[in-house]
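One structure is given below, encoded as structure tokens.
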Amino acid sequence: MSKIIVISGLTAGGKTTLINSLARELKNSKIIAFDNYDIDQLPSAPPLNKPLSQTINQYDIQNIISAVNSAKYKYDYILVDYPFGNRHESFNQLIDLTVYIKTPLDILLARQILRDFSNKTVNAIDDYLNIYLKTIRRIFIENEKFIVETADLVLAGEAPLSTKIEKIIATIKSL
84 MSKIIVISGL
94 TAGGKTTLIN
104 SLARELKNSK
114 IIAFDNYDID
124 QLPSAPPLNK
134 PLSQTINQYD
144 IQNIISAVNS
154 AKYKYDYILV
164 DYPFGNRHES
174 FNQLIDLTVY
184 IKTPLDILLA
194 RQILRDFSNK
204 TVNAIDDYLN
214 IYLKTIRRIF
224 IENEKFIVET
234 ADLVLAGEAP
244 LSTKIEKIIA
254 TIKSL
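If you read the sequence shown in the working numbering, its first letter stands for residue 84, the second for the next number, and so on.
Next up, the structure:
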């Protein structure tokens, strides 16, 4: 049966880059990505301006759980790009290793602006930065604290990719 490894972190924290590189290192692996399911966009999803500690189990993640369960006997490793760590009660019992990428907020903000606002106006960037300062930053801090508390491995987001991969593989070997 597969080892199920969850890679978590805040938006623009490096989850996707890490998981894609990790998949190249771990033969016979499958990536399941949260972003492919639009879970936080479902009408049933709780408001994004509420901390995960209050809303985590309101998210309907059954599609992700089904994808993991259908891949369990086909792959040695299932790598899940998933921001909630092991905090969702419907998913946590399936997870073998939870990794959290702890990236400084200034780096996250810069990456997000570069990624999401390259074709936007200065006014759109300004509007986002005002919302970030009023609401998003506080939610990021609360969510990170909540997810990190139960992570098995916390990696520095600004560390070289090769270092992060080495630490994860060493941890997997010790499972």
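All C-beta atoms, glycine included, are put in the ideal place defined by N, C-alpha and C.
All figures in this text were calculated on a predicted structure; none of them were measured in a lab.
- Counting only residues of its own chain and dropping the five nearest sequence neighbours on each side, alanine 95 has a CB closer than 7 Å to the CB of Leu191, Arg194, Gln195 and Arg198.
- Shown here, threonine 254 sits in a helix according to DSSP, grouped into three states.
- The beta carbon of proline 130 is closer than 7 Å to none in its chain, skipping five residues each way along the sequence.
- Collapsing the DSSP output to three states places threonine 94 in coil.
- Across the set Met84, Gly92 and Ser85, the C-alpha of Gly92 shows the shortest separation from the C-alpha of glutamate 227.
- Excluding five sequence positions before and after leucine 177, the CB atoms of its chain that fall closer than 8 Å to its own CB belong to Ile87, Ile148, Val151 and Asn152, given in chain order.
- Annotation for serine 112: the continuous beta strand (DSSP E) segment containing it runs 112-116.
- Out of Pro134, Ser85 and Ile184, the CA that lies nearest to the CA of glutamate 241 is found in Ile184.
- Going by DSSP, aspartate 164 is part of the beta strand (DSSP E) stretching over 160-164.
- The beta carbons of alanine 106 and leucine 162 sit closer together than 9 Å.
- In this structure glycine 168 touches alanine 234 by the C-beta definition: roughly 6 Å separates them, less than 8 Å.
- If you ignore the 5 residues before and after leucine 188, its C-beta comes within less than 7 Å of the C-beta of Arg220 and Phe223, all in its own chain and listed in chain order.
- Isoleucine 88 is bridged by DSSP to Leu162 and Leu180.
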